[in-house]
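**Student:** Residue numbers (our numbering), protein chains in the order written: chain A, 1266 to 1379; chain B, 5 to 122.
Note that CB positions come from ideal geometry on N, CA and C, so glycine has one too.
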Amino acid sequence: GQQVMQIPQYQHVQEGEDFTTYCNSSTTLSNIQWYKQRPGGHPVFLIQLVKSGEVKKQKRLTFQFGEAKKNSSLHITATQTTDVGTYFCAGVFLGGTSYGKLTFGQGTILTVHP
Amino acid sequence: SAVISQKPSRDICQRGTSLTIQCQVDSQVTMMFWYRQQPGQSLTLIATANQGSEATYESGFVIDKFPISRPNLTFSTLTVSNMSPEDSSIYLCSVEDRGQGGNTDTQYFGPGTRLTVL
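(1) Please report the residue range of the beta strand (DSSP E) in which H1307 (chain A) lies.
(2) Mind listing the chain B neighbours of G1281 (chain A)? Cutoff is C-beta to C-beta under 9 Å, in chain order.
(3) Taking the beta carbon of Q1274 (chain A) as the centre, do at least 16 other beta carbons fall within 10 Å, making it buried, or is it exposed?
(4) Specify, as a first and last residue, the run of the beta strand (DSSP E) that E100 (chain B) falls within.
(5) Near H1277 (chain A), which residues of its chain fall below 6 Å by C-beta distance, leaving aside the five closest residues on each side in sequence?
(6) Hey, could you find the ends of the beta strand (DSSP E) Q111 (chain B) is sitting in?
(7) So, is the C-beta of L49 (chain B) closer than 8 Å to a C-beta in chain A?
(8) What residue range is occupied by the uninterrupted beta strand (DSSP E) comprising M35 (chain B)?
(9) List the whole-angstrom C-beta distance separating I1341 (chain A) from D1283 (chain A), where the pair is believed to meet the contact cut-off of C-beta under 8 Å.
(10) Keeping to the same chain, check which residues put their C-beta closer than 6 Å to that of M35 (chain B); ignore five residues upstream and five downstream.
(11) Name the one or two DSSP bridge partners that I1297 (chain A) has.
(12) Quick check: is the beta carbon of T117 (chain B) nearer than 8 Å to any beta carbon in chain A?
(13) Taking only the alpha-carbon atoms, compute the straight-line gap between T1347 (chain A) and I67 (chain B) and give it to the nearest angstrom.
(14) Here's a check: name, in chain order, each residue in its chain whose Cβ is nearer than 7 Å to the Cβ of N1296 (chain A), leaving out the five neighbours to either side.
(15) Is there a C-beta anywhere in chain A that falls below 8 Å from the one on L82 (chain B)?
(16) Against chain B, which members of the region 1364-1379 of chain A pass a CB distance test of less than 9 Å?
(17) By the three-class DSSP mapping on this structure, what secondary structure does D1283 (chain A) have?
(18) Would you kindly check if the distance between the Cβ of T1368 (chain A) and the Cβ of Q1267 (chain A) is under 8 Å?
(19) Does A51 (chain B) pass the burial test, meaning 16 or more other C-beta atoms within 10 Å, or should it be called exposed?
(20) Tell me the rounded alpha-carbon separation between G106 (chain B) and P43 (chain B).
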């Protein structure tokens, strides 16, 4: 089936350092969404990217969608301890077995050392 | 965004028994989804719960093991039947928010049900 691959699996940073997680799909996506799950919590919607080459910012978070709509990234500038959690990308595929549904990447677990 | 509640929040069950999880939304929604998140893993879609019709199950999930009800546009249940320790997971319901444009298809998640099967 169609999959979304996400790397890295883990990232440990010092507070103040930057952090990036990447997602790649083998086929073109209709859109991609990003979610954050705090330890012990549930996934919380962060943002949706729809257009080719789209870039969106939320304070220290920058989200990008590739020109071919097959890859995406989330970049956090100057991490803080409140950024701790697992970041998931979730793609919506065009056609195929996963049509119209969210397919989640494996997630990147971010830990921030104060 | 919709406010979603789930019951129970957690449970410890014996193998061979069944547990029904409830999902309540504060507004009418067309699409409701049930996911499983095994310890340390990502989210896997179990099925899509459609009001007025049978649920649509993903590969690897069957109705006999995970029967779903969707009696109205604000409520759904997922039953985990004949449980084994491998069913120990977090079970999450979510709803789709189509937004003003009608096609955003973002999802909002309930708090989850943490199930441990002994």
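**Tutor:** This is what the structure holds:
(1) From DSSP, H1307 (chain A) is part of no beta strand (DSSP E); its letter is neither H nor E.
(2) In chain order: nothing, as chain B lies at least about 27 Å away.
(3) By the neighbour-count rule (16 or more Cβ atoms within 10 Å), Q1274 (chain A) is not buried but exposed.
(4) 93-101
(5) Closer than 6 Å at the Cβ level, and outside the excluded window around H1277 (chain A), lie T1376.
(6) Residues 110-113.
(7) yes
(8) 35-41
(9) About 7 Å separates the two Cβ atoms, so the contact holds.
(10) E100
(11) A:L1314, A:G1356
(12) Taking Cβ atoms only, chain A never reaches closer than 8 Å to T117 (chain B), which makes this a no.
(13) 40 Å
(14) Q1313, L1314, V1315, V1357
(15) no
(16) Within the region 1364-1379 of chain A, the qualifying residues are G1365, K1366, L1367, T1368, F1369, G1370, Q1371, G1372, I1374.
(17) coil
(18) yes
(19) By the Cβ neighbour-count rule, A51 (chain B) is buried, with 16 or more other Cβ atoms within 10 Å of its own.
(20) Below a pLDDT of 50, predicted positions are generally treated as unreliable, and G106 (chain B), at 46, falls in that range; the measurement from the model is reported next regardless. Near 34 Å, if we compare the C-alpha coordinates of P43 (chain B) and G106 (chain B).
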